[in-house]
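Heads up: the structure comes next, in structure tokens.
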């Protein structure tokens, strides 16, 4: 397996002066991309395209994630906010254009069709989720499952070009990595009043909280000073950490079933990276190794 260069290559192809100057981009889908590259690199039939395929799907995911950051509120914004919003729209389209260009230049027309189909499915899932969110008809567990599916859907379509035992175990391992990513994001969102709305913690409290708490959430009148007490009352961090522990343990167990030492080692490193993103105050996670 050649040196893993996807983050550097993605940043190179995503670079643009206006985007860099006026807006922030979401983080790369690094764990999923790293795992995809490791698996494709072990397949003789697609090994020569492993870097290209991983690069383009990372760019597509970056484009979709950038569009998800677009603020849809209709309140009046500053000129800087308006410019940032407009550039997020353009940036997402720019990254998608890079994906088409790279695959077309390589003569990979069939892969363009496959990835485009996957993007359509992701968008369909998003519409279904957002519709349920607007009507407040969603449990925390349903939200979590949908969030995991949205993260894994684009990468899931590569199971069709994998072969043998790895093709059978790929969906489960991808789900485990996606669960880890979702939990880490939800931990961050739960502790920020600006990101708390419609997070996993939001849906959990809306499901188990008091009538007054549910009313405050639904009417968006919860104040930042109230958030720490609410998180403590319902053990939000502990519940999410337990979800991360389960996903990491499942990922390690699945990796142990692989015949390839390289893949097992790579998945173990990915699991380690997930755990390391938590604060050192979570020793129980490290004990799952």
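Numbering (the working numbering), first residue to last: 9 to 297.
Note that the Cβ used here is the ideal one computed from N, Cα and C, for glycine as well.
What you are looking at is a predicted structure, and each value in this text was computed from that prediction instead of being measured.
| request: Kindly indicate the opening and closing residues of the alpha helix (DSSP H) around residue 195. | output: 172–198
| message | For a minimum of 4 consecutive residues, which ranges assigned as the alpha helix (DSSP H) are wholly contained in the segment 121–176? | response | 148–164
| Is residue 118 buried or exposed, if buried means 16 or more other CB atoms sit within 10 Å of its CB? | exposed
| request: Would you mind listing the alpha helix (DSSP H) stretches within the segment 222–260 that are 4+ residues and don't spill past its ends, in chain order? | output: 235–241
| said: Please classify residue 278 as buried or exposed, where buried requires at least 16 other C-beta atoms within 10 Å of its C-beta. | reply: buried
| query | With 16 as the cutoff for other CB atoms within 10 Å, does residue 138 come out buried or exposed? | reply | exposed
| Do residue 48 and residue 55 have their C-beta atoms closer together than 8 Å? | yes
| With burial defined as no fewer than 16 other Cβ atoms inside 10 Å of the residue's Cβ, what is the status of residue 209: buried or exposed? | buried
| field | Closest by C-alpha distance to residue 101, when choosing among 76, 71 and 120 | value | 71
| request: Kindly indicate which three-state DSSP category residue 33 falls into: helix, strand or coil? | output: coil
| field | Buried or exposed by the 16-neighbour rule on C-beta atoms within 10 Å, applied to residue 97 | value | exposed
| At least 3 beta-carbon pairs within less than 8 Å: the segment 60–78 vs the segment 15–33 | yes
| query | Cβ atoms of residue 191 and residue 275: under 8 Å apart, would you say? | reply | no
| field | Backbone CA spacing between residue 46 and residue 230 [nearest angstrom] | value | 44 Å
| said: For the alpha helix (DSSP H) containing residue 73, name the first residue and the last one. | reply: 58–76
| Taking the alpha helix (DSSP H) that residue 40 falls in, what are its first and last residues? | 38–49
| query | If we ignore side chains and look at the alpha-carbon of each, how far apart do residue 159 and residue 74 end up? | reply | 14 Å
| Can you list, in chain order, the residues of its chain whose CB lies under 7 Å from that of residue 26, leaving out five sequence neighbours each side? | 95
| Straight-line CA distance for residue 178 to residue 129? | 19 Å
| field | Selected residue, minimal CA-CA separation from residue 142, among 207, 254 and 169 | value | 207
| Quick one, which of 201, 29 and 12 has its alpha-carbon nearest residue 239's? | 201
| task | Check residue 113 in the structure and name its three-state DSSP category. | result | helix
| query | For the segment 168–178 against the segment 251–271, are there 3 or more C-beta pairs whose distance is under 8 Å? | reply | yes
| field | Distance between beta carbons of residue 244 and residue 198, contact taken as under 8 Å | value | 5 Å
| field | 8 Å Cβ shell around residue 262 - same chain, five flanking residues per side excluded | value | 177, 180, 181, 184 and 275
| message | Taking the alpha helix (DSSP H) that residue 272 belongs to, which residues open and close that run? | response | 269–284
| field | Reduced DSSP category for residue 12 - H, G, I as helix; E, B as strand; rest coil | value | coil
| task | With DSSP collapsed to three states, give me the class of residue 18. | result | helix
| Straight-line Cα distance separating residue 106 from residue 225 | 40 Å
| Whose C-beta lies closer than 6 Å to the C-beta of residue 235 among residues of the same chain, with five residues either side of it excluded? | 201
| Exposure label - residue 40; buried when at least 16 CB within 10 Å | buried
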